[in-house]
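Presented below is the structure to which this report refers.
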């Protein structure tokens with residue numbers, strides 16, 4: 003497929019990630035790891051394909067009313083560890099409460115995705131849903147705070163002349 007795009011010097015790859023590819027959540031470490039991988043792969047792919055005018059877009063959805071959280075989709079471990087009751091345990095117990103009441107409308111999301119892909123300047127990242135933006139904003143604030151507070155000390159790691 004990439005060879006076809008390169009030869010034609012056009013195309014668009016759409017990779018589906020999640021807000022879980024930007025921010026980690028207690029109880030979803032493995033899921034987050036797979037989505038973080040999609041993000042990294044897509045970023046690299048976008049840089050590699052840029053000279054061929056091939057676009058890459060990462061769709062990063064928040065909570066949408068799909069079957070994603072349904073009992074048939076989510077499988078919890080048989081055993082739980084009491085020490086994690088307030089972190090991963092709390093996250094996992096909320097799954098059944100959220101299933102069927104997610105705020106996002108999948109039909110509206112599809113329309114936004116199509117509009118973004120048809121635009122003259124499609125985004126690398128397409129977050130969907132106000133809940134997604136809230137989590138991304140929180141992550142960016144923390145990232146900026148961490149980077150800024152350690153910049154001077156962490157930058158003093160070069161060999162002395």
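Residue numbers (the numbering used here): 3 to 163.
Using N, Cα and C, we set each Cβ at its ideal position, and we do this for glycine too.
Non-local beta-carbon contacts of residue 20 in its own chain, meaning distances under 7 Å to residues more than five positions away in sequence, involve 37, 62, 63 in chain order. Residue 7 and residue 14 have their C-alpha atoms some 8 Å from each other. Of all alpha-carbon atoms in 127, 134, 148, the one lying nearest the alpha-carbon of residue 46 is that of 127. The segment 48–68 makes contact with the segment 123–138; the number of CB pairs closer than 8 Å reaches 3 or more. As DSSP reads the structure, residue 66 sits in a beta bridge with 106. Residue pairing of residue 130 in beta bridges, as defined by DSSP: 63. Taking a cut-off of 8 Å for Cβ pairs, the segment 77–94 and the segment 17–32 touch, as three or more such pairs fall below it. A Cβ-Cβ contact shorter than 7 Å links residue 58 with residue 48.
For residue 7, the uninterrupted alpha helix (DSSP H) segment begins and ends at 4–10. Our two residues, residue 114 and residue 84, have alpha carbons roughly 42 Å apart in a direct line.
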